[in-house]
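Chains as they are written, first to last, in this note's numbering: chain P, 2 to 208; chain Y, 34 to 423.
Every residue gets a Cβ at the ideal spot worked out from N, C-alpha and C, and that includes glycine.
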Amino acid sequence: MSNLLTIAMPKGRIFIEAVELLRKAGYQLPPEFDDSRKLIIDVPEEGLRFILAKPMDVATYVEHGVADVGIAGKDVLLEEERDVYELLDLKISYCYLAVAGLPDTKMNDVAPRVATKYPHVAEAYFREQGEQVEIIKLNGSIELAPIIGLSDRIVDIVSTGRTLKENGLVEYERIKDVTSRFVVNPVSYRIKDQQIDDMVKRLSEVV
Amino acid sequence: MSRLFMFEKPLGMRDTLPELFEVKHQVRSNMAETMKLWGYQFIETPTLEYYETVGAASAIADQQLFKLLDKEGHTVVLRPDMTAPIARVAASKLLNEDLPVRLAYSANVFRAQQREGGRPAEFEQIGVECLNEETVSCDGEVIALLISSLKKAGLAEFQVSIGHVGFANELFVQILGTNGRATALRKFLFEKNYVGYREHVHSLPLSSIDKKRLLQLLELRGGEEVMGLALDIIENDKGKQAILELKELWDVIKDYGVEGNVKFDFTIVSHMSYYSGILFEAYAGNVGFPIGNGGRYSLMEKFGKTASATGFAVRMDMLLEALQGGQLENNTHCIFFSQERRKEAFALAASMHEQGQKAVLQDITGVRNLDAFTKRFAETTYLIGGRANE
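Shown next, in the form of structure tokens:
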């Protein structure tokens with residue numbers, strides 16, 4: 002068993018904010034950290050190993066225990082429903098999940114269709130509204146779907162609303178606020194409790 | 034429906050090939066031996082049980098049950114755990130004399146998988162149930178036996194975390210007044226969503242001291258000292274009782290001399306709804322899922338008997354992963370023979386078998402690639418033609 006605490010980090014936009022937060026919490030991360038293309042980066046001085054994953058996959062690595070802890074968006078946790086501890090709201094990468102579509106349109110009565118990267122969240126949301134919808138799973142550029150007539154609505158994350166606006170879409174409902182969370186594997190939470198408690202403490206002082 | 038390829042198996046089903054089988058067998062017999070030494074008697078129950086009885090009594094989610102219909106139209110399930118079938122047998126047969134009963138099992142259980150790999154739908158559990166024995170000594174015995182059998186299986190580093198189903202509940206009732214109002218908190222705790230739990234606590238109209246207590250619950254894990262902390266935040270008798278029980282259990286565990294593997298954790302809540310007292314999970318550092326779990330339960334009531342029991346179940350697949358599939362020594366001998374010296378070869382094999390030495394008899398004309406075949410054995414003897422070869 003390696004003594005390094007393995008931490009799964011989301012690549013891309015959240016990564017930069019997460020690294021900044023870790024530095025603020027007093028972790029000495031080497032400067033080349035920011036633009037490395039490596040997928041695994043060890044920082045032995047801090048007892049940490051970073052693995053760089055697709056944001057959507059962070060909770061999966063943590064659930065299976067190949068990463069002890071991770072930083073994952075609440076959107077990912079809602080969609081994936083992984084068995085991990087959600088210990089801290091890091092309050093970074095703020096955005097929200099919303100329903101959007103072309104202005105002044107209604108959902109199709111017979112077969113309302115919703116395109117999304119979050120099929121699980123979308124289905125659960127519409128079910129709670131008492132509506133059964135047909136979900137079309139897309140992997141990106143979700144805004145296309147209503148414009149070219151693939152779906153009536155989309156469910157996607159919105160941060161500034163600019164993308165929606167530029168594509169002539171409007172927001173209909175807000176589903177849930179999203180920030181990044183500090184997640185922990187249930188076994189690591191017990192076996193590496195001191196390392197993890199320490200990290201939680203340091204992080205919670207700076208969020 | 035797409036056409037199936039010949040090599041495909043239903044989702045979550047796995048083969049056990051000879052090498053793994055051998056390791057598994059070794060681990061199983063080491064554990065079983067320990068259980069037998071402690072006086073636990075092995076039993077078997079059927080693979081199929083009625084959905085209405087055992088299926089309903091088990092704590093496994095409905096969508097995880099494999100269901101079939103029998104000829105009369107009753108729904109039957111592939112057993113999803115062993116605790117419920119054992120409760121059924123015990124309540125209907127074994128508890129008539131109202132004495133403590135110690136049972137053990139190793140059996141495959143079935144839980145349907147919807148999602149992805151890494152989770153078998155059929156896996157072996159090995160475990161014990163100490164029935165109709167309500168003392169803390171019994172709880173301690175089961176935990177000590179779990180530790181002892183894991184050690185015997187060859188697991189060097191592991192931890193057992195013990196909690197109590199009553200503590201969190203009583204704390205919620207003490208602060209919120211009713212069980213109903215505690216539902217949200219219980220759900221957050223169960224879902225391991227501490228962010229949601231904290232937000233919910235802050236939104237409640239409570240005194241700051243009560244809020245602090247609810248938040249402190251999340252930190253109650255560690256050594257003996259957490260019992261003191263737990264006692265500080267609980268005020269009602271049932272909750273206090275839970276702590277006293279755990280304190281006594283700690284003494285029992287110390288008397289067994291296994292406290293090095295034990296910690297406390299009041300945040301453990303189980304999906305096993307039948308637990309009624311202590312509960313515990315076992316972790317090995319290199320496996321991301323618990324390798325075993327257990328606790329005190331009163332499941333026999335569902336089968337018409339008032340009795341409680343404590344038991345544990347170890348997941349064989351997780352345990353083997355924790356043991357890193359420890360390589361077994363290959364000590365099989367191969368005797369190649371030809372027709373002329375066949376009788377001699379058979380006699381040699383018989384004497385080896387007599388001494389407990391594994392020996393394969395192989396007609397030399399039956400193997401095309403002799404080099405590759407020979408590599409599979411620790412030693413070889415050739416009894417071929419007119420003279421003996423090494």
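query: Along the region 246-257 of chain Y, what residues have a CB closer than 9 Å to any CB found in chain P?
result: Leu251, Glu252, Arg254 and Gly255
Sequence-distant residues of its chain with Cβ nearer than 8 Å to valine 188 of chain P (five each side left out): Excluding sequence neighbours, valine 188 of chain P sits near Gly66.
message: Beta carbons nearer than 8 Å to chain P: which residues of the region 190-213 of chain Y have them?
response: Cβ contacts with chain P come from Glu190, Gln192 and Ser194.
query: In chain order, what residues of the same chain lie with their CB nearer than 8 Å to the CB of histidine 235 of chain Y, ignoring the 5 residues before and after it?
result: Lys244
- prompt: Which of the three DSSP states, helix, strand or coil, is assigned to leucine 132 of chain Y?
  reply: Under the three-state reduction of DSSP output, leucine 132 of chain Y falls in the coil class, being neither helix nor strand.
- request: Please list, in chain order, all residues of the same chain as arginine 83 of chain P whose beta carbon is under 6 Å from its beta carbon, the five residues on each side excluded.
  value: Ala60 and Glu64
- prompt: Just the Cα atoms here: how many angstroms apart are asparagine 422 of chain Y and phenylalanine 370 of chain Y?
  reply: Summary for asparagine 422 of chain Y: the model assigns pLDDT 48, below 50, so the residue's position carries little reliability; its value from the coordinates is reported in the next sentence. Cα-Cα distance, rounded: 10 Å.
- prompt: At a Cβ threshold of 9 Å, is arginine 114 of chain P touching chain Y?
  reply: no
Residue(s) in a DSSP beta bridge with alanine 116 of chain P: P:Ile137 and P:Ile155
message: Within the continuous beta strand (DSSP E) that includes proline 153 of chain Y, where are the two ends?
response: Per DSSP, proline 153 of chain Y belongs to no beta strand (DSSP E) and is neither H nor E.
query: Which ranges does the alpha helix (DSSP H) cover as unbroken runs of at least 4 residues, wholly within the region 160-213 of chain Y, from first to last along the chain?
result: 169-185 and 198-209
task: Anything in chain Y within Cβ reach of leucine 98 of chain P, meaning under 8 Å, just list it in chain order.
output: Simply none; closest approach about 16 Å.
message: If you follow the alpha helix (DSSP H) that glycine 229 of chain Y is in, where does it begin and where does it stop?
response: 227-236
query: Is there at least one Cβ from chain Y nearer than 9 Å to valine 192 of chain P's Cβ?
result: For the sequence presented, residue 192 of chain P should be read as isoleucine rather than valine. Isoleucine 192 of chain P counts as touching chain Y.
- prompt: Using a Cβ-Cβ distance under 9 Å, would serine 94 of chain P count as near chain Y?
  reply: no
- request: On the DSSP bridge assignment, give the partners of aspartate 90 of chain P in chain order.
  value: P:Arg182
query: Is there a Cβ from chain Y that is less than 9 Å from the Cβ of methionine 2 of chain P?
result: Any reading at methionine 2 of chain P must be qualified, since the residue scores a pLDDT of 43, below 50, and its modelled position is unreliable; the value itself is stated next. Judged by the 9 Å Cβ criterion, methionine 2 of chain P is in contact with chain Y.
task: Closer than 8 Å by beta-carbon distance: list the chain Y residues that pair up with proline 147 of chain P, in chain order.
output: Near proline 147 of chain P there are no residues of chain Y at all, since even the closest Cβ is about 30 Å away, more than 8 Å.
query: Is there a Cβ from chain Y that is less than 9 Å from the Cβ of arginine 182 of chain P?
result: It does; some Cβ of chain Y falls within 9 Å.
- prompt: Taking 9 Å as the CB-CB cut-off, is valine 228 of chain Y touching chain P?
  reply: yes
message: If I measure Cβ to Cβ from isoleucine 210 of chain P and keep anything under 7 Å in the same chain, skipping five residues before and after, which residues do I get?
response: Within the shown structure, residues of chain P are numbered from 2 to 208, placing residue 210 of chain P beyond reach of any answer.
message: Tell me the rounded alpha-carbon separation between arginine 121 of chain Y and phenylalanine 156 of chain Y.
response: 21 Å
query: To which residues of the same chain is glycine 173 of chain Y closer than 7 Å at the C-beta, ignoring the five residues directly before and after it?
result: Leu282, Val285, Ile286 and Tyr289
task: Select from P:Gln29, P:Tyr173 and P:Glu135 the residue whose C-alpha is nearest the C-alpha of proline 104 of chain P.
output: P:Tyr173
- request: Between the Cα of tyrosine 73 of chain Y and those of Y:Asn63, Y:Thr339, Y:Val134 and Y:Gly337, spot the shortest distance and give me the residue it belongs to.
  value: Y:Val134
query: Which chain Y residues sit within Cβ distance under 9 Å of proline 187 of chain P?
result: Lys225, Glu314, Tyr316, Gly321, Phe322 and Pro323
field: Of the residues Y:Val169, Y:Gln395, Y:Leu416 and Y:Gln158, the one placed nearest arginine 409 of chain Y, counting alpha carbons only
entry: Y:Gln395
query: Span of the alpha helix (DSSP H) holding threonine 116 of chain Y?
result: Per DSSP, threonine 116 of chain Y belongs to the alpha helix (DSSP H) from 116-122.
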